[in-house]
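Asker: Numbering (UniProt numbering), first residue to last: 1 to 174.
For glycine and all other residues, C-beta sits at the position ideal for the given N, C-alpha and C.
Everything numeric in this text was worked out from a predicted model, so none of it was measured.
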Amino acid sequence: MSFPFFGDDKSKIAQMLTTLPQQGRVEWIGIRPARREPLVSLPEAEVLTDRHLAGDHARPKPSGKRQITLIQHEHLAAVAGFLGLSGAVEPGRLRRNLVVSGLNLLALKNRQVRLGEEVILEITGECHPCSRMEEELGPGGYNAMRGHGGLTARIVQGGRLRVGDVVRVLEFIV
């Protein structure tokens, strides 16, 4: 197969797809104490292996691919812009557990990332918006979130997570 943009050098493309030298940062942590309750912002949280954030009402399966949700910090302003708002959307309104800056989260699908010194997540897929976005953000909230809803992850290794922790890409999972 020929790639008109890069010639026939498939190995160069494969190398570019797996090269992510940047580091990110945990900007925000939130839990949902009960169903349909507002998220509570935390300076730190305990991440439970194969489960969820301690105190979060979600009870995913140990083998679940949606044990924790992340959203790109840089997308908070984009979503606000799509809604005609200035600044950025407050993270808790988007109902994701973690806000991460400095890394293109969409490039991390099927990758493992280390957050801080202890926590390891496997990025499993996109976190598509739900109908709650209309309630949280008003008319057009659902469509404003499309393509900017963040990602889901499985917790490979739990531990203590803090706002400000560095996020590093570990490996590509085949």
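1. Applying the 10 Å Cβ sphere with the 16-neighbour rule, what's the burial state of P43?
2. Per the contact definition of three or more C-beta pairs closer than 8 Å, is the segment 108 to 115 in contact with the segment 76 to 94?
3. In the DSSP assignment, the alpha helix (DSSP H) including R132 goes from what residue to what residue?
4. Quick one: is R96 buried, meaning 16 or more other Cβ sit within 10 Å of its Cβ, or exposed?
5. By DSSP, does L161 sit in helix, in strand, or in coil?
6. On the criterion of 16 or more Cβ atoms from any shown chain inside 10 Å, does R154 qualify as buried, or is it exposed?
7. Quick check on F3: does DSSP put it in helix, strand or coil?
8. Straight-line CA distance for I71 to G164?
9. How about the segment 142 to 156 and the segment 121 to 130: do they share at least three Cβ pairs that are nearer than 8 Å?
10. Does the segment 135 to 150 touch the segment 15 to 32, meaning 3 or more C-beta pairs lie closer than 8 Å?
11. Can you pull the DSSP bridge partners for V167?
12. Report the option in P21, R25, L20 whose CA atom is closest to the CA atom of L98.
13. Nearest-angstrom Cα distance between R168 and Q22?
14. Between the alpha carbons of A77 and P139, how many angstroms are there, rounded?
15. Determine the closest residue to E134 out of V79, R35, R160, V40, with distance taken between C-alpha atoms.
16. Would you decide whether L45 is buried or exposed? Buried here means 16 or more other CB atoms lie within 10 Å of its CB.
17. Indicate whether G158 and T49 have their beta-carbon atoms separated by less than 8 Å.
Answerer: Taking the definition as stated:
1. Position 43 of the sequence shown, counted from the start, is the residue given in the question as residue 43. Classification for P43: exposed.
2. no
3. Locating residue 132 in the sequence shown gives position 132, where the first residue counts as 1. Segment 132 to 137, the alpha helix (DSSP H) holding R132.
4. If you number the sequence shown from 1, residue 96 lands on position 96. Flag for R96 reads buried.
5. Within the sequence shown, residue 161 is the residue found at index 161, counting from 1. Reduced to three states, the DSSP call for L161 is strand.
6. Reading the sequence shown from its first residue, position 154 is the one you call residue 154. That one is buried.
7. Within the sequence shown, numbered from 1, the residue matching residue 3 stands at position 3. With a pLDDT of 48 at F3, under the threshold of 50, the predicted position of this residue should be treated as unreliable, and no value is reported.
8. To locate residue 71, count along the sequence shown from 1; it is residue 71. To locate residue 164, count along the sequence shown from 1; it is residue 164. Cα-Cα distance, rounded: 15 Å.
9. yes
10. Result no; under three Cβ-Cβ pairs closer than 8 Å.
11. Working through the sequence shown from its first residue, we reach residue 167 at position 167. Beta-bridge pairing links V167 to G24, L115.
12. Counting from 1 along the sequence shown, the entry for residue 98 is found at position 98. The residue with the shortest Cα to Cα distance from L98 is R25.
13. What you label residue 168 is simply residue 168 of the sequence shown in a count that begins at 1. What you label residue 22 is simply residue 22 of the sequence shown in a count that begins at 1. Cα-Cα distance, rounded: 8 Å.
14. Working through the sequence shown from its first residue, we reach residue 77 at position 77. Working through the sequence shown from its first residue, we reach residue 139 at position 139. Roughly 17 Å separates the two Cα atoms.
15. For this step, residue 134 is matched to residue 134 along the sequence shown. Distances from the alpha-carbon of E134 to those of V79, R35, R160, V40 put V79 closest.
16. Stepping through the sequence shown from its first residue, residue 45 is reached at position 45. First, the residue type needs correcting, since residue 45 is Ala and not Leu in the sequence shown. So A45 counts as buried.
17. As a working note, residue 158 is residue 158 in the sequence shown. As a working note, residue 49 is residue 49 in the sequence shown. Yes; because the gap between Cβ atoms is below 8 Å, this pair is in contact.
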